[in-house]
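Note that UniProt numbering has the sequence shown beginning at 1, numbered continuously upward.
Written out below as structure tokens is the structure these notes cover.
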Amino acid sequence: MIEKYIHIIKESPLFYDIKEEEIIFMLQCLTPQIHSFNKNECIVNSGETVNRFGIILEGEATILKETSEGNNVIISVVKKGDLFGEMLVFSSRKVFPVTVRVQSSCKVLFLTNSDLIARCGKMCPWHNKMLQNFIKIISDKALLLNKKVEYLSIKSIRGKIATYLLDQYQNNPNTNIFLPLKRNELADFLNVSRPSLSREMGGMRDEGIIDFHLSTFRIKDMEALKSFCKQ
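This is the structure we're talking about:
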């Protein structure tokens, strides 16, 4: 069954620069398991003790953190090829701090922490490359979490929107931007209410700063957008 998904696994950052035939050989050592999950089902609940991490093979899921007030804040959305749970692999803490909830029906490849960390019994020369990729993934994730803290520290809703749009622009320098989050997901991600987010975006459109339709946005006044990042 796993051969069916090998093209997706190959595109995962964990297996970057590792050939398909090498991945197939490695998976024989890593004892992978594939599980299916339905929409709105929790793959992992906050507070669970885990000893494995996952790669999304089909569908997508949302990583949520519950606040002290009982509200869910979206940390990130994981899609085909993305990892989750990797931050705990080298940690002394094995209690999952977030909930991973299915957005659309998922198939997930699970690998155990010990299989990743331990030296392969067959002395696969690609194991070191996979570990290097894994460390890079963790570093990138830490930078993303720092960015999330930055969004939360911005006081004005307009400042949050402007900063988020400019971050998307920096990732792909094009004034036409497709946002990876739906409107309610973006509101949760920026820690604002959906009505407040929509009202502020509507105001920015009326002022000629941005235009948008569903998840497609266009930056019309770059300088004005940059000025709001200071608010």
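C-beta atoms are modelled at their ideal positions from N, C-alpha and C, and glycine is treated no differently.
{"Item": "With a CB to CB cut of under 8 Å and the five nearest residues on each side skipped, what residues in its chain are close to residue 234?", "Value": "Missing from the structure shown is residue 234; the chain here goes from 1 to 231 and no further."}
{"Item": "What number of angstroms, rounded off, separates the C-alpha of F90 from the C-alpha of D140?", "Value": "15 Å"}
{"Item": "Evaluate the contact criterion for the region 123-139 versus the region 201-211: three or more CB pairs, one atom per stretch, below 8 Å.", "Value": "no"}
{"Item": "Between the beta-carbon of K4 and the beta-carbon of I23, is there less than 8 Å?", "Value": "no"}
{"Item": "Using the Cβ count rule (16 or more neighbours within 10 Å means buried), how would you classify V149?", "Value": "exposed"}
{"Item": "Indicate whether V108 and I177 have their beta-carbon atoms separated by less than 8 Å.", "Value": "no"}
{"Item": "Go ahead and pull the three-state DSSP assignment for S46.", "Value": "coil"}
{"Item": "Classify A61 as helix, strand or coil using the three-state DSSP reduction.", "Value": "strand"}
{"Item": "What is the residue span of the beta strand (DSSP E) that V102 lies within?", "Value": "99-112"}
{"Item": "Over what stretch of residues does the beta strand (DSSP E) that includes F178 continue unbroken?", "Value": "176-178"}
{"Item": "Apart from the five residues just before and just after D82, which ones in its own chain have a Cβ nearer than 6 Å to its Cβ?", "Value": "I56"}
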